[in-house]
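The opening position of the sequence shown corresponds to residue 1244 in our numbering, with each subsequent residue numbered one higher.
A virtual CB, placed ideally from N, CA and C, is assigned to each residue, including glycine.
Only a predicted model underlies this, so the values are computations on that prediction, with no experimental measurement involved.
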Amino acid sequence: MASYKEPSFKDRAALSADAKQRALEKLKSKPPVDPAVVAARAAAREAKEEAEAKKREEKKAAIEAARLEKIAKAEAAERAIEEAKQAAIQAEIDKKAARDARYAARKSRK
1244 MASYKEPSFK DRAALSADAK QRALEKLKSK PPVDPAVVAA RAAAREAKEE
1294 AEAKKREEKK AAIEAARLEK IAKAEAAERA IEEAKQAAIQ AEIDKKAARD
1344 ARYAARKSRK
């Protein structure tokens, strides 16, 4: 079995030049790009970008609507709590008034 031979600088330079030449030939062999195809691709890309922009706007609108709904629910909950507090205060006032009325009735009987 033959031992490994380290490639020299000339060998590496020749391989590199050959690879560059093959890449250049491959590039030159490609057919020229048709302007109609380029225009169609640009139109498709623009349509896709518009669709994505519309989707982003709809998502932002949905997020904003959810945020406003959450704020409205929080405000409604705060109003309900405040109304419950007012109802509790009014109940205490009514109980005190009933108690005072009973006390006054008891006093008037004496």
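D1254 lies in the alpha helix (DSSP H); which residues open and close that run? 1252-1272
DSSP three-state call for E1292: helix, strand or coil? helix
Distance between I1336 and R1329 (C-alpha atoms, nearest Å): For the record, residue 1329 in the displayed sequence is Gln; it is not Arg. Answer to the nearest angstrom: the Cα atoms are 10 Å apart.
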